[in-house]
Amino acid sequence: MRVAFSTLGCRLNQFESDALEQMARAAGHTVVDAEAAPEVVIVNTCTITHEADADARQHVRRAARAGAKVVVTGCWATAAPAEAAALPGVTLVVGNREKERLFEVLGETCSEGHVPEIHVAPVDLLRRVRAARLRPAADPRRSRAYLKIQDGCDYRCSFCIVPQVRGRSVSVAPAEARAQLDELVAAGVPEVVLTGVHLGIYGRDLRPRSSLSSLVAELLPQLGSARLRLGSVDPHEVDDDLVTLLASDPRLCPYLHLPVQSGDDDTLRRMRRAHTAADLQALVPRLAAAVPGIGVGTDVIVGFPGESEEAFAATHALLAALPLAYLHVFAYSPRAGTDAACLSGQVDAAVKQRRGMALRALSAAKQEAFAAAQIGRTLPVVMHRSRHRRTGLLVGRAGNGLTVLAAGDDALLGRATQIEVERAEGPLALGRLLA
């Protein structure tokens with residue numbers, strides 16, 4: 001069959017879609033783009049917000065209108081399997097933990113007039129159930145690959161639905177992570193991104209226990225000429241060993257994304273976050289001092305229930321004072337099934353919009369300042385596999401997360417190189433190739 005993929009949401013979903021593409025080919029299917037008249041479209045969904053649910057439904061309907069049979073998987077499929085199965089064109093609904101079996105049941109459910117089948121096991125929050133065993137895949141369309149080392153979450157942030165669709169934290173054994181990294185390095189991938197639902201608690205469920213920093217230390221010697229990038233790590237989970245690795249090993253990208261969510265301690269307590277504003281206030285300057293040029297970004301939610309003007313002002317002031325490279329700003333929306341949806345003090349939509357605009361303006365200024373601060377520096381850059389649309393220049397991502405443009409030959413597409421930054425234009429850096 002001709003199979004296409006539509007992937008929504010996080011890096012973990014992208015890893016799993018890459019792995020499913022590899023499984024599709026191994027099962028004898030042909031993977032095509034969504035525009036190339038696929039017979040089946042696999043929609044790998046997100047459910048982090050109501051908007052994500054709506055986006056999932058839209059992608060399912062779009063695929064069905066084009067005449068394809070639709071397989072719905074991922075987090076929305078796990079959270080609302082009956083709703084997914086009721087959409088026109090849906091043939092199969094597969095939960096997160098059942099993804100590894102997707103192609104075993106696909107052939108049986110694609111006959112005409114077949115009632116949609118649901119393969120979604122209930123998520124048990126009281127015990128650990130192993131995640132779907134999916135192998136990493138190097139996608140020739142991209143210059144990076146994802147390596148999933150962890151799934152699920154043991155935390156219960158009051159706004160977050162993810163534990164209910166991903167289950168408790170389950171870590172990949174270090175030996176298995178090393179073996180999977182070997183596959184990606186052998187395939188010539190120039191950058192590998194470690195991904196998971198909650199990277200910072202990696203290894204706590206293993207016996208003997210492990211940790212994110214100890215796993216990174218094991219993986220670095222296997223990289224060859226490739227580099228390793230970390231996904232999101234909570235501020236209180238950045239330990240001394242991880243800071244030392246960031247400062248001392250050039251194979252580990254000088255980059256961290258810290259999902260802070262708020263800079264106000266009262267708001268953080270209502271969110272049931274495990275860190276405080278003081279944790280962030282101590283960590284980010286420490287990282288900047290230990291790792292010159294490091295790119296540190298964060299997530300922040302505006303309009304969480306009970307967030308007063310004073311609380312928002314404290315968040316804005318803290319983020320403005322820190323040497324951050326960017327902010328990802330989200331307006332809070334109540335999520336059915338979460339404790340925060342029942343909290344009093346829901347914030348008016350217009351107030352959320354105003355606060356969001358203020359933080360996005362701050363983020364734009366941070367991005368410009370970060371790009372300008374790189375002028376005169378030589379940065380390791382992995383080029384994308386296509387050119388920058390507006391300028392036609394080579395475009396890539398530096399180790400510190402900065403987007404960098406340079407003139408050069410197509411031979412460098414998807415390759416690692418060195419670029420001396422000569423000037424900045426807004427959030428972009430422009431420079432010349434050195435190697």
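Just so you know, we're using UniProt numbering here: the sequence shown kicks off at 1 and counts up by one.
From the three backbone atoms N, C-alpha and C, an ideal C-beta is built for every residue, glycine too.
Computed from a prediction, not measured in an experiment: that's the story for all the values here.
**OP:** Given a cut-off of 8 Å, decide if Val421 and Glu191 are closer than it, judged by their beta-carbon atoms.
**Re:** Within the sequence shown, the letter at position 191 stands for residue 191. Within the sequence shown, the letter at position 421 stands for residue 421. Cβ distance not < 8 Å, so Glu191 and Val421 don't count as in contact.
Original post:
Thinking C-alpha only, which one of Glu104, Ser169 and His388 is nearest Leu430?
Top reply: As a position in the sequence shown, residue 430 is number 430, starting the count at 1. The option with the nearest alpha carbon to Leu430 is His388.
Original post:
Fully enclosed by the stretch 27-110, which alpha helix (DSSP H) runs are 4 residues long or longer?
Top reply: 50-65, 75-79, 81-85 and 102-109
**OP:** Helix, strand or coil for Leu324, going by three-state DSSP, please let me know.
**Re:** Here residue 324 is taken as the residue at index 324 of the sequence shown, counted from 1. Coil.
Subject >> Leu433 to Gly356 span [Cα, whole Å] >> reply: Along the sequence shown, one-based indexing puts residue 433 at 433. Along the sequence shown, one-based indexing puts residue 356 at 356. Taking the straight line joining both Cα atoms gives about 38 Å.
Original post:
In chain order, what residues of the same chain have a beta carbon less than 8 Å from the beta carbon of Gly231, not counting five sequence neighbours either side?
Top reply: For this step, residue 231 is matched to residue 231 along the sequence shown. Excluding residues within five positions, the ones whose Cβ falls inside 8 Å are Arg11, Val193, Leu194, Thr195, Gly196, Leu199 and His257.
Original post:
Should His320 go down as buried or exposed, given a rule of 16 or more other Cβ atoms within 10 Å for buried?
Top reply: Taking the sequence shown and counting its residues from 1, the one referred to as residue 320 is at position 320. According to the sequence shown, residue 320 is Ala rather than His. Exposed, since its Cβ has fewer than 16 Cβ neighbours within 10 Å.
Subject >> Same chain, Cβ closer than 7 Å to Gly396, neighbours up to 5 away in sequence not counted >> reply: If you number the sequence shown from 1, residue 396 lands on position 396. These residues qualify, in order along the chain: Val381, Val382, Met383, His384 and Val404.
Original post:
Taking the continuous alpha helix (DSSP H) assigned at Met271, which residues delimit it?
Top reply: Taking the first residue of the sequence shown as position 1, residue 271 is located at position 271. Segment Asp265 to Met271, the alpha helix (DSSP H) holding Met271.
Original post:
Given 8 Å as the limit, is there contact between the stretch 305-314 and the stretch 344-362, that is, 3 or more CB pairs closer than that?
Top reply: yes
Original post:
Touching or not, the stretch 213-224 and the stretch 255-270, by the rule of three or more beta carbon pairs under 8 Å?
Top reply: no
Subject >> Ala82, buried or exposed, once every other Cβ within 10 Å from all chains shown has been counted against 16 >> reply: Counting from one through the sequence shown, the residue named residue 82 turns up at place 82. Classification of Ala82: exposed, given that the 10 Å Cβ count is below 16.
Original post:
DSSP beta-bridge partners for Tyr146?
Top reply: Sequence index remark: in the sequence shown, residue 146 carries index 146 (1-based). DSSP, once it has assigned bridges, lists Val193 as partnering Tyr146.
Original post:
Is the beta carbon of Gly152 less than 8 Å from the beta carbon of Pro163?
Top reply: Position 152 of the sequence shown holds residue 152. Position 163 of the sequence shown holds residue 163. Their beta carbons are under 8 Å apart, which means Gly152 touches Pro163 by this criterion.
**OP:** For Ser248, count neighbouring Cβ atoms within 10 angstroms of its own Cβ and tell me buried if that reaches 16, exposed if not.
**Re:** By one-based count along the sequence shown, residue 248 stands at place 248. Flag for Ser248 reads exposed.
**OP:** Pick helix, strand or coil for Gln374, following the three-state DSSP scheme.
**Re:** In the sequence shown, the residue the question calls residue 374 occupies position 374. Coil, per DSSP.
**OP:** Use the C-beta contact count for Ala398: other C-beta atoms within 10 angstroms, 16 or more gives buried, fewer gives exposed.
**Re:** Counting from one through the sequence shown, the residue named residue 398 turns up at place 398. Buried, because 16 or more other Cβ atoms sit within 10 Å of the Cβ of Ala398.
Original post:
Which class does Leu402 belong to by DSSP, given the choice of helix, strand or coil?
Top reply: On the sequence shown, position 402 is the one that residue 402 refers to. Here Leu402 sits in coil by DSSP.
Subject >> Outcome for Asp409 when other beta-carbon atoms lying within 10 angstroms are tallied against a minimum of 16 >> reply: Position 409 of the sequence shown, counted from the first residue, corresponds to residue 409. Asp409 should be labelled exposed.
Original post:
Between the stretch 282-299 and the stretch 331-340, do at least 3 Cβ pairs fall closer than 8 Å?
Top reply: no
Original post:
Between which two residues does the beta strand (DSSP E) containing Pro305 stretch?
Top reply: Here residue 305 refers to the residue found at position 305 of the sequence shown. Careful: Pro305 lies outside any beta strand (DSSP E) and carries neither H nor E.
Original post:
Does the distance from the C-beta atom of His59 to that of Leu8 stay below 8 Å?
Top reply: As a first step, residue 59 must be located in the sequence shown, where it is residue number 59. As a first step, residue 8 must be located in the sequence shown, where it is residue number 8. Cβ distance < 8 Å, so His59 and Leu8 count as in contact.
**OP:** Within its chain, find whatever has a CB closer than 8 Å to the CB of Val185; leave out the 5 residues flanking it on each side and keep chain order.
**Re:** Against the sequence shown, residue 185 aligns to sequence position 185. Excluding residues within five positions, the ones whose Cβ falls inside 8 Å are Val192, Gln222, Leu223, Gly224 and Ala226.
Subject >> Through-space distance from Glu98 to Val115, alpha-carbon basis >> reply: Translated into positions along the sequence shown, residue 115 becomes position 115. Translated into positions along the sequence shown, residue 98 becomes position 98. Spanning the two alpha carbons is a distance of roughly 19 Å.
**OP:** Report the residue ranges of all alpha helix (DSSP H) runs contained in full by the stretch 195-254; include only those spanning at least 4 residues, in chain order.
**Re:** 212-219 and 240-248
Original post:
Does the distance from the CB of Met271 to the CB of Gln261 come in under 8 Å?
Top reply: As a working mapping, residue 271 is identified with position 271 in the sequence shown. As a working mapping, residue 261 is identified with position 261 in the sequence shown. Yes.
Original post:
Where do the N-terminal and C-terminal ends of the beta strand (DSSP E) with Gln180 fall, by residue?
Top reply: For the purposes of this step, residue 180 is taken as residue 180 along the sequence shown, with counting starting at 1. Not the beta strand (DSSP E): Gln180 falls in the alpha helix (DSSP H), residues Pro174 to Ala186.
Subject >> Given 8 Å, three or more beta-carbon pairs between the stretch 201-209 and the stretch 169-182 >> reply: yes
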